[in-house]
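Below: one structure, written as structure tokens.
In our numbering, the protein residues as written are 16 to 218.
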């Protein structure tokens, strides 16, 4: 392998051009069905496939731009047709290769995708468990903090609105306790309802 990355990229570009030229020559001169796929060390993708029509076209690495060499039609108007044409041409070549060699070129990729899917599901389940654990811990901490605040502790970080809300909660709890005391001492008295005008502060 060429150690210098710049020289390696220059060599790849030159050899890639030569391969594409040979592939086109085999297609035109020998009526061969050619499928060429290349992936550089910089992760740039390039491909060539024998066209299904008489037009010869070049596909850029991102399969988004088609430059016709023999037609004067705007590429934008036929891009959808060419995407389908490219797919059908490559599919036909792969099917003929599979039939001739007896190998399934998609089986390995299928198993790889299944493995990746299983790994993603495992990761998803693990993250769900971690989120659930963190949420439960947060609830426990929140309950502990609320309990300490009701005991008059950890009030330094509360603003006036939060302090007022805590005070109202304590008052409601205190009223509930008082009502329960009244019911305990006077189970038949009508004055343990909330509308009773008497105060039971001394109970």
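Ideal Cβ positions, reconstructed from N, Cα and C, are used throughout, including at glycine.
Remember, it's a predicted structure, so these values are computed and weren't measured experimentally.
Whether residue i touches residue j by CB criterion (8 Å)
i: residue 42; j: residue 65; result: yes
i: residue 40; j: residue 51; result: no
i: residue 173; j: residue 185; result: no
i: residue 38; j: residue 25; result: no
i: residue 170; j: residue 178; result: yes
Enclosing beta strand (DSSP E) for residue i [first to last residue]
i: residue 54; result: 50-54
i: residue 62; result: 60-64
Residue i: first and last residue of the uninterrupted alpha helix (DSSP H) it sits in
i: residue 182; result: 175-200
i: residue 40; result: 20-45
Member of the options whose CA lies at the smallest distance from the CA of residue i
i: residue 31; options: 167, 20, 54, 46; result: 54
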